[in-house]
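Working notes, structure below.
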Amino acid sequence: MSEQSRRPRKPYRRPKKDPVRVLAFDALRAVDERDAYANLVLPPLLRKAREKGDFDTRDAALATELVYGTLRRQGTYDAVLAACVDRPLREVDPPVLDVLSLGVHQLLGTRIPSHAAVSATVELARVVLGDGRAKFVNAVLRKVAQDDLDGWLERVAPPYDEDAEDHLAVVHSHPRWVVSALWDSLGGGRAGIEDLLEADNERPEVTLVARPGRATTEELLREEAAVPGRWSPYAVRLTEGGEPGAVDAVREGRAGVQDEGSQLVALALANAPLEGPDKRWLDGCAGPGGKAALLAALAAERGALLVASEKQPHRAGLVAKALDGNPGPYQVITADGTRPPWRAGSFDRVLVDVPCTGLGALRRRPEARWRRRPEDLDGFAPVQRALLTTALESVRVGGVVGYATCSPHLAETRAVVDDVLKQHRDTELIDARPPLADVPALGDGPDVQLWPHLHGTDAMYLALIRRTA
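The opening residue of the sequence shown carries number 0 in numbering that gives the first Met the number 0; numbering runs sequentially from there.
And the structure:
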């Protein structure tokens, strides 16, 4: 009998289940398999874990960081993993790649000690993948652990002078085409694009809106770690994350969660100079209801009626919920904004926040940057133009239309406005900056582009158009 055969076998050790990392893995799998969004998947998972007693506040914070950090830095981490795996990443099973990405984020994007990051990720692999693939995970992560993030970027990112866009894409974890589009929208300059890409990778604060006539900022500011918004008089920021559902006014619908950029779009339309009566307002793309709720409250202060129109029935239901309790008259209808049931010239103010690529909200939906493709722009273009055309036909002479997108891509902003206005000579662009007089760095006008790195908001775009004849 050989010496090896006489050596006692190590007893099998069952893998230790780490609820935090298992939950993070489950969230990443949902994002990958179902094309889900992390901001929709993660909250119910966290709530269930809390109800089971598995999680405390620190656990929830770590799980959130693991999920969002991994998604934001996916492009960078893929470049690192490609240098450590002996085959193309597309040949690695997606669940294995998710575990590896979680491990790389702990190694390169957090303060977790390297040995703990590798050990915890290998243990996760044993739980969710099995012992065989856990050995592969262990081998790859030990290679990754040989250098820090700066060292890896030196190795995997091309020099800026040789390929600026690819360098920025790898270093700041954005697809190259998105880097190019954002750079065009900014108008050039290295500092601006780097600041924007870095801002896209920062965790955004939770911003609340106090709906006029139903809640006040003073009430919301009594919440823990709450501070006033930067620009909107109705905004309150929760600087330490915070749980909006724990805020009484939010739970009761008197306040909502709404990025300050979205609040500014509604405020700009409401404050735009108007000729003639100011009694009927329209939100032509009202779902899920954040802007509609603010507009309805502002309209109520003036004795005006808001009609909130949404094409999708389930989103129209969300709009109705958001407007329930509004202090003035309103109407929620399910209708296609490109084939409206109302008569032409029926409204004094019209907002169309059109469907778009969402490139302005990459802080909140980091996975969107990896899902979107340049060809998506062609799919959105016809409906964007059709909705703006209908909006211009829906407003009366002397009335104002606000065209908004949560995208700074020029093909979804100025190109749409320019094309439609060429076909409607009875309109004029008006300066959108005076209604936002307290907001700096709004450019040369007449339209407005907000930016995460300049304004701390999503990259919302707004053009204000008056119908002249």
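Backbone N, C-alpha and C define an ideal beta-carbon position, used for all residues, glycine too.
Cβ neighbours of residue i in the same chain (closer than 6 Å, five flanking residues each side left out)
i    : result
T216 : A209, V235
L350 : L268, D282, G401
A59  : L45
L472 : Since the first and last residues shown for the chain are 0 and 468, residue 472 lies out of range.
Y159 : H166
Y76  : S100, V103
P328 : L304
Residue i versus the options, residue with shortest Cα-Cα distance
i    : options                : result
N38  : D17, L70, D55, K15     : L70
R463 : G444, V400, P439, G455 : It is worth fixing the name first, because residue 463 is Leu in this sequence and not Arg. Answer by Cα proximity: V400.
D282 : T456, D130, R250, F346 : F346
R348 : G398, A138, E201, D97  : G398
L123 : P112, S100, G187       : S100
K320 : G286, D194, D162, G359 : G286
L305 : E153, G316, A292, G102 : A292
R57  : V19, A35, I111         : V19
G111 : A144, L128, E204, V40  : Checking the sequence shown, residue 111 turns out to be Ile, not Gly. The shortest Cα separation from I111 among A144, L128, E204, V40 belongs to A144.
P211 : G442, W182, S231       : S231
A380 : P354, L361, R364       : P354
D183 : P339, R342, L409, R89  : L409
P174 : T426, R89, R371        : R371
R132 : D160, V170, G191, P93  : P93
Q383 : V415, R395, S406       : V415
V177 : D430, P451, L361, E309 : L361
V396 : H454, R338, P312, P276 : P276
T63  : A403, D25, A307        : D25
Residues of its chain near residue i, where Cβ-Cβ distance is below 8 Å and the 5 sequence neighbours each way are ignored
i    : result
M0   : With a pLDDT of only 47 at M0, under 50, the local geometry of the prediction cannot be trusted, and no value is derived from it.
W375 : It should be pointed out that residue 375 corresponds to Asp in this sequence rather than to Trp. Taken in chain order, the residues that qualify are T356.
Q422 : T388
A116 : G102, Q105, L106, T109, L140, A144
Delimiting residues of the alpha helix (DSSP H) encompassing residue i
i    : result
R57  : 56-71
A225 : Run containing A225: none in the alpha helix (DSSP H); it sits in the beta strand (DSSP E), 225-227.
R28  : 18-33
T44  : With the sequence shown as reference, residue 44 is identified as Leu, and Thr is not the correct amino acid for it. From DSSP, the alpha helix (DSSP H) with L44 extends over 37-51.
T216 : 216-219
E366 : Where E366 is concerned, there is no enclosing alpha helix (DSSP H), given that its DSSP letter is neither H nor E.
W230 : Premise fails: W230 is in no alpha helix (DSSP H) and is neither H nor E.
S172 : Note, S172: premise wrong, no alpha helix (DSSP H); not H, not E.
V416 : 413-422
P451 : 451-454
Contact belief for residue i with residue j at Cβ below 8 Å, rounded distance in angstroms
i    : j    : result
L237 : L207 : 7 Å
T120 : V95  : Incorrect: roughly 11 Å between the Cβ atoms, too far for contact.
R466 : L386 : Wrong, their Cβ atoms sit about 16 Å apart, outside the cutoff.
V315 : R279 : The displayed chain sequence assigns Ala, not Val, to residue 315. Actually they do not touch by this definition, with Cβ atoms about 19 Å apart.
L219 : A248 : 6 Å
V66  : A23  : 5 Å
V318 : G288 : 4 Å
G240 : V205 : 6 Å
V447 : L435 : 6 Å
E309 : T333 : 6 Å
The beta strand (DSSP E) enclosing residue i, as first and last residue numbers
i    : result
Q330 : 329-333
I464 : 460-466
R384 : No beta strand (DSSP E) contains R384, which is instead part of the alpha helix (DSSP H) from 375-393.
A436 : Unbroken run through A436: none, as it is neither H nor E.
E201 : Segment: none, E201 is in no beta strand (DSSP E) and carries neither H nor E.
R342 : Where R342 is concerned, there is no enclosing beta strand (DSSP E), given that its DSSP letter is neither H nor E.
E427 : 426-429
Spatial neighbours of residue i in its chain, beta-carbon cut-off 7 Å, leaving aside the 5 residues before and after
i    : result
K16  : V126
D323 : G252
**Prompt:** Curious, which full-length alpha helix (DSSP H) runs of at least 4 residues does the segment 233-315 contain?
**Reply:** 247-250, 259-270, 289-300
**Asked** Hey, which unbroken runs of the alpha helix (DSSP H) at 4 residues or more fall wholly within the segment 92-153?
**Response** 93-107, 113-127, 130-143
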